[in-house]
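*Asks:* Following this message is one structure expressed as structure tokens.
There are 2 protein chains.
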Amino acid sequence: MLRKLFQLSLLLLAVTPPAQSDSLPLPDNLISSSSTEGEELLIGADAREAYFTLAENYLTQQTQSFCGVASMVMVFNAMQLPAPEVPEYAPYRTFTQDNIFNASTEAILPRETILKQGITLDQMGALLAVQPVDVMVRHASDANLDTFRSEVSSYLAQPGHFVLANYFRNALHQQKGGHFSPLAAYDRESDLFLILDVARYKYPPVWVKAEELFTAMNTKDSDNDDKSRGYVLISRKS
Amino acid sequence: MLRKLFQLSLLLLAVTPPAQSDSLPLPDNLISSSSTEGEELLIGADAREAYFTLAENYLTQQTQSFCGVASMVMVFNAMQLPAPEVPEYAPYRTFTQDNIFNASTEAILPRETILKQGITLDQMGALLAVQPVDVMVRHASDANLDTFRSEVSSYLAQPGHFVLANYFRNALHQQKGGHFSPLAAYDRESDLFLILDVARYKYPPVWVKAEELFTAMNTKDSDNDDKSRGYVLISRKS
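Just so you know, the sequences run in chain order A and B. Following the working numbering, the numbering of the first sequence begins with 3 at its first residue and continues without gaps. Following the working numbering, the numbering of the second sequence begins with 3 at its first residue and continues without gaps.
What follows is the structure, given as structure tokens:
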């Protein structure tokens, strides 16, 4: 009984955020991008073209269900697509987590629904296609680790090409549930991808093993008819 | 007469933002951080420790007078100081351009005043000192190019050390007036500093010659008894 209580308290310690902490400790399988190792990975990365324009447009998701919204805004600004007006910034324009919604996006998925339950991988594909971009949605269950690695690393190496990952945080030992964030770089030698996590109040950007990320994407999403999560490839309209 | 009209129209072209453009074109004296040259400068920079944690916390100023507020928030989050609560992110905490204000900051400079007229260099020093940090305010008129270059590049190379620049945009051929933004890196060979401009709707981060930046800081601020602008050195309380 005592042993069970001890095990339970260990489990609680492992899953409960420390009350006074601002963000969460990083599990051992992930490397913070601003650790010495993380900085060296970026400097030496084979594919990191996406990093620079994404870092210039890095955002924190506005609410706990807006990971997909923040990810889209980062990519649209990084691509320098024609942006809507923002009264505070007139005459300048930029995409924000407020002005990204319009009649076309409302018809696909109302903002109110996103506020309640977020966005699925297929809804993300449809929402992105409202802009003048080419979009390819990849369910992890239809891909494999090799095709994921080669097609995503190729995108991250080309100007104007971007990738959003839709993964199950728990599979990365993070808290928790389904999540969206942009991928920014790939290092071949270590086989690590860099995720620019948009829940910046919670976790820093992290380097993660390709296989582990693929496994976290190859998870069933009950909000999407149990289809698997995956990734979206985005480029300027050809 | 025709020649004068032609000159006038050239002048208007040079100072009027293009009506359909989202942001402003960069003048020739500045290098965009996501240009090929800008990326190479960062990879090879001698002092770039500040860059990584600042890039992870990069923000857009919330209003056209909040450049100083956004700059402070970036530095506080980059330093991982104990942050106030944010209802949307509970139980996680982070500094935002809303929750940075409290009774101590209101006593120094009310939020309403900042909304109207921004922050001067000396007010910035006082506002920063509300947090558990060591702050040194440097008016450019009391410094010179050599002391500026050596003390700022030394800060940018040390973990937990940050620098905010207060400069007159017009002196960099930018639009326009006094501005605050964090400095993030220094490259010795080219003698260039990287500014992470918080008016992201207007300009990207830029590399600028040390001498040009110092000249832009060594300008009189009529909101601060005509004292010169300058920079602030910030580090964790020793």
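Beta carbons: idealized from backbone N, C-alpha and C, even for Gly. Since the structure is predicted, the reported quantities are computational estimates derived from the model, not experimental observations.
Does the beta-carbon distance from B:Ile-102 to B:Val-75 come in below 8 Å?
*Replies:* By one-based count along the second sequence, residue 102 of chain B stands at place 100. By one-based count along the second sequence, residue 75 of chain B stands at place 73. Yes; because the gap between Cβ atoms is below 8 Å, this pair is in contact.
*Asks:* For B:Leu-13, count neighbouring Cβ atoms within 10 angstroms of its own Cβ and tell me buried if that reaches 16, exposed if not.
*Replies:* Start at 1 with the first residue of the second sequence, and residue 13 of chain B comes out as number 11. Residue placement at B:Leu-13 is poorly supported in this model, since its pLDDT is 43, which falls under 50; the coordinates still yield a value, given next. With fewer than 16 other Cβ atoms within 10 Å, it is exposed.
*Asks:* Threshold first: 4 residues or longer. Then list the alpha helix (DSSP H) segments lying entirely within the segment 36-77 of chain B, N to C.
*Replies:* 38-46, 51-58, all fully within the segment 36-77 of chain B.
*Asks:* In this structure, what does DSSP give as the bridge partners for B:Ala-187?
*Replies:* On the second sequence, position 185 is the one that residue 187 of chain B refers to. Per DSSP, B:Leu-196.
*Asks:* How many Å lie between A:Thr-122 and B:Pro-112 at the Cα?
*Replies:* The residue labelled residue 122 of chain A in the question sits at position 120 within the first sequence. The residue labelled residue 112 of chain B in the question sits at position 110 within the second sequence. Using only the alpha carbons, I get a separation of about 43 Å.
*Asks:* Determine the burial state of A:Arg-171: buried for a count of at least 16 other Cβ atoms within 10 Å of its Cβ, exposed for fewer.
*Replies:* On the first sequence, residue 171 of chain A is found 169 positions in, with the first residue counted as 1. A:Arg-171 should be labelled buried.
*Asks:* For A:Ala-167, which residues does DSSP report across the bridge?
*Replies:* The residue given as residue 167 of chain A occupies position 165 in the first sequence. Answer is A:Ser-183, A:Tyr-233.
*Asks:* Enumerated in chain order, which unbroken segments of the beta strand (DSSP E) with a length of 3 residues or greater are wholly contained in the segment 85-162 of chain B?
*Replies:* If we require 3 residues or more, the beta strand (DSSP E) runs fully inside the segment 85-162 of chain B come out as 135-141.
*Asks:* Give a yes or no on whether the C-beta atoms belonging to B:Glu-90 and A:Thr-65 are separated by under 8 Å.
*Replies:* On the second sequence, position 88 is the one that residue 90 of chain B refers to. On the first sequence, position 63 is the one that residue 65 of chain A refers to. Cβ distance < 8 Å, so B:Glu-90 and A:Thr-65 count as in contact.
*Asks:* Any contact between the segment 70-84 of chain A and the segment 156-174 of chain A? By contact I mean 3 or more CB pairs, one from each, below 8 Å.
*Replies:* Yes, the segment 70-84 of chain A touches the segment 156-174 of chain A.
*Asks:* Is there at least one Cβ from chain A nearer than 8 Å to B:Asp-48's Cβ?
*Replies:* Residue 48 of chain B sits at position 46 when you count from the first residue of the second sequence. Output row for B:Asp-48: interface = no.
*Asks:* If contact means a Cβ-Cβ distance below 7 Å, which residues of the segment 186-201 of chain B contact chain A?
*Replies:* Correct list: empty, as no residue qualifies.
*Asks:* Cutting at 7 Å between CB atoms, please list the residues of its own chain near A:His-181, excluding the five before and the five after it.
*Replies:* As a position in the first sequence, residue 181 of chain A is number 179, starting the count at 1. Excluding positions up to five away in sequence, the list reads Cys-69, Tyr-169, Arg-171.
*Asks:* Three-state secondary structure (DSSP) at A:Asp-225?
*Replies:* Counting from one through the first sequence, the residue named residue 225 of chain A turns up at place 223. Reduced to three states, the DSSP call for A:Asp-225 is helix.
*Asks:* Please report the straight-line C-alpha distance between A:Ser-23 and B:Pro-29, rounded to a whole angstrom.
*Replies:* Here residue 23 of chain A is taken as the residue at index 21 of the first sequence, counted from 1. Here residue 29 of chain B is taken as the residue at index 27 of the second sequence, counted from 1. With a pLDDT of 44 at A:Ser-23, under the threshold of 50, the predicted position of this residue should be treated as unreliable, and no value is reported.
*Asks:* Report yes or no: is there a C-beta of chain A within less than 8 Å of the C-beta of B:Val-210?
*Replies:* Here residue 210 of chain B corresponds to residue number 208 of the second sequence, with the count starting at 1. No, no contact with chain A.
*Asks:* Between the beta-carbon of B:Lys-204 and the beta-carbon of B:His-141, is there less than 8 Å?
*Replies:* For this step, residue 204 of chain B is matched to residue 202 along the second sequence. For this step, residue 141 of chain B is matched to residue 139 along the second sequence. No, they are not a contact pair.
*Asks:* Contact between the segment 212-221 of chain B and the segment 143-159 of chain B: three or more CB pairs below 8 Å?
*Replies:* Counting Cβ pairs under 8 Å, three or more are found: they touch.
*Asks:* Thinking just about the alpha-carbon of each residue, which of B:Gly-120, B:Asp-227, B:Leu-83, B:Leu-32 is nearest to the one in B:Ile-236?
*Replies:* As a working mapping, residue 236 of chain B is identified with position 234 in the second sequence. Cα-wise, what sits closest to B:Ile-236 is B:Leu-83.
*Asks:* Taking only the alpha-carbon atoms, compute the straight-line gap between A:Lys-239 and A:Pro-184 and give it to the nearest angstrom.
*Replies:* For the purposes of this step, residue 239 of chain A is taken as the residue at position 237 of the first sequence. For the purposes of this step, residue 184 of chain A is taken as the residue at position 182 of the first sequence. Distance between the alpha carbons of A:Lys-239 and A:Pro-184: 19 Å.
*Asks:* Buried or exposed: A:Ala-57, going by 16 or more other Cβ atoms within 10 Å of its Cβ?
*Replies:* For this step, residue 57 of chain A is matched to residue 55 along the first sequence. The residue is buried, with at least 16 neighbouring Cβ atoms inside 10 Å.
*Asks:* Among residues of its own chain, excluding the 5 on either side of B:Ser-36, which ones have a beta-carbon nearer than 7 Å to its beta-carbon?
*Replies:* Counted from its first residue, the second sequence places residue 36 of chain B at position 34. Closer than 7 Å at Cβ, skipping near neighbours: Pro-206.
*Asks:* Keeping to the same chain, check which residues put their C-beta closer than 7 Å to that of A:His-175; ignore five residues upstream and five downstream.
*Replies:* Taking the first sequence and counting its residues from 1, the one referred to as residue 175 of chain A is at position 173. Closer than 7 Å at the Cβ level, and outside the excluded window around A:His-175, lie Pro-29, Asn-31.
*Asks:* Buried or exposed for B:Gly-179, going by 16 or more other Cβ atoms inside 10 Å?
*Replies:* As a first step, residue 179 of chain B must be located in the second sequence, where it is residue number 177. Exposed, by the Cβ-count rule.
*Asks:* Between A:Ser-143 and the rest of its own chain, which residues show a CB-CB distance below 8 Å, the 5 nearest in sequence each way excluded?
*Replies:* The residue you call residue 143 of chain A lines up with position 141 of the first sequence. Excluding residues within five positions, the ones whose Cβ falls inside 8 Å are Asn-220, Lys-229, Ser-230, Gly-232.
*Asks:* Just to check my reading of the structure: B:Ala-52 and B:Leu-194 have Cβ atoms closer than 8 Å, yes? What is that Cβ distance to the nearest angstrom?
*Replies:* Walking along the second sequence from the start, residue 52 of chain B turns up at place 50. Walking along the second sequence from the start, residue 194 of chain B turns up at place 192. Incorrect: roughly 15 Å between the Cβ atoms, too far for contact.
*Asks:* Is A:Asn-59 close to chain B, meaning its C-beta is less than 8 Å from at least one C-beta of that chain?
*Replies:* Position 57 of the first sequence, counted from the first residue, corresponds to residue 59 of chain A. Taking Cβ atoms only, chain B reaches closer than 8 Å to A:Asn-59, which makes this a yes.
*Asks:* Among A:Val-234, A:Trp-209, A:Val-208, A:Leu-198, whose alpha-carbon lies nearest the alpha-carbon of A:Thr-62?
*Replies:* Residue 62 of chain A sits at position 60 when you count from the first residue of the first sequence. Answer by Cα proximity: A:Leu-198.
*Asks:* Using a Cβ-Cβ cut-off of 8 Å, state whether B:Ser-36 counts as contacting chain A.
*Replies:* Stepping through the second sequence from its first residue, residue 36 of chain B is reached at position 34. Cβ-Cβ to chain A under 8 Å: yes for B:Ser-36.
*Asks:* Can the beta-carbon of B:Gly-46 be found closer than 8 Å to that of B:Asp-189?
*Replies:* Stepping through the second sequence from its first residue, residue 46 of chain B is reached at position 44. Stepping through the second sequence from its first residue, residue 189 of chain B is reached at position 187. Result yes, Cβ atoms of B:Gly-46 and B:Asp-189 sit closer than 8 Å.
*Asks:* Could you name the residues that DSSP lists as bridge partners for A:Lys-211?
*Replies:* In the first sequence, residue 211 of chain A corresponds to position 209, counting from 1. DSSP output for A:Lys-211 lists A:Leu-194 as bridge partner(s).
*Asks:* Given B:Ala-85, which residues of its chain have a CB within under 6 Å of its CB, disregarding the five upstream and five downstream residues?
*Replies:* Within the second sequence, residue 85 of chain B is the residue found at index 83, counting from 1. For B:Ala-85, where only same-chain residues beyond five positions count, the Cβ hits under 6 Å are Arg-95, Thr-96, Phe-97.
*Asks:* Under a Cβ-count criterion, where at least 16 other Cβ atoms within 10 Å of its own Cβ denotes burial, should B:Ser-268 be classed as buried or exposed?
*Replies:* Residue 268 of chain B lies beyond the range of chain B shown here (3 to 240); nothing can be said about it.
*Asks:* Within 10 angstroms of its Cβ, does A:Thr-2 collect 16 or more other Cβ (buried), or is it exposed?
*Replies:* A query on residue 2 of chain A cannot be resolved here, the shown segment of chain A reaching from 3 to 240 and no further.
*Asks:* Closest to B:Thr-118 by CA distance: which of B:Ser-67, B:Val-210, B:Tyr-60, B:Ala-173 is it?
*Replies:* To locate residue 118 of chain B, count along the second sequence from 1; it is residue 116. Position check: residue 118 of chain B holds Lys in this sequence, whereas Thr was assumed. Answer by Cα proximity: B:Ser-67.
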